[in-house]
Structures are given as C-alpha cells and as structure tokens.
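Residue numbers (the numbering used here): 4 to 129. C-beta: ideal position from N, C-alpha, C; glycine also.
Now the structure itself:
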C-alpha cells in the first residue's frame with residue numbers, strides 16, 4: 004500500500020531592505036508644468052523587510068492617498084502613490100541619502116518610468 008505524501012511548499016522569505024520608516028516632508032518639481040508641489044510621506048516598514056506602505060498627503064485642502072513600495076539593502080527605493088480614481092498613479096524612485104529620500108518621479112501604472120517628468124527631495128526623516 005502506498006501512502007501519499009503532501010508536497011511542502013516553502014514559505015517565501017520576505018526580501019531584506021534598509022530601514023527607512025518615518026515621516027518625510029518634501030517637494031517635487033515637475034519639468035512639464037514647471038511647478039513645485041509640497042507633500043508629506045508617512046512610511047511604515049517592518050524592520051529588515053523591503054516592503055513599504057503608508058500615506059502620501061499633498062494639496063490644499065490636503066488629500067491623503069495610500070502608498071506602497073520597496074527598498075533594497077543599499078537604499079534604492081521605488082514608491083507608488085495611488086491617486087484619485089481616473090488618475091494615473093505617481094511613481095517615485097531614487098536612493099536614500101542619509102535621512103533624505105532623493106530621486107525622480109513620473110505618472111505610471113506600470114511601476115516604471117519610460118522618462119522622468121521631474122525630481123523630488125524629502126526629509127530629513129523624523
């Protein structure tokens with residue numbers, strides 16, 4: 004008699020990432036509109052894990068949007084902000100420099116930019 008054995012699927016291990024959780028106030032400059040927009044990112048992260056989540060606020064009156072992203076162990080990050088219905092998400096990418104997030108952004112629903120439409124800086128983290 005043959006006893007069936009259950010296949011054991013290993014649980015995927017979370018990716019490791021630099022710990023960057025915190026609040027960042029910053030500005031982004033659009034090379035298309037030539038305008039500067041001020042924003043705040045509240046980033047949450049489990050220590051040692053690459054996954055990021057949180058809230059992005061901007062505008063007057065202030066609007067809140069959810070954000071998700073990843074950061075690697077060297078501090079290279081990408082963050083997607085889901086905007087209002089009908090608007091293409093904002094995609095930020097760059098590198099952590101000390102207590103600052105610095106990089107470029109575009110509007111993208113594919114988590115990638117074919118071309119940067121501007122640059123941003125946020126920090127220091129608190």
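Through-space distance from residue 40 to residue 62, alpha-carbon basis:
8 Å
Less than 8 Å between the CB atoms is what I'm expecting for residue 111 and residue 91, so what's the real figure, rounded?
Sure, about 7 Å apart at Cβ, within 8 Å.
Comparing alpha-carbon positions, which option in 48, 36, 38 and 34 lies nearest residue 26?
48
Nonlocal neighbours in the same chain, by C-beta distance under 8 Å from residue 87, ignoring five residues either side
66 and 68
Run the CB neighbour count on residue 59, radius 10 Å, all protein chains shown included, and call it buried at 16 or more, exposed below.
So residue 59 ends up on the buried side.
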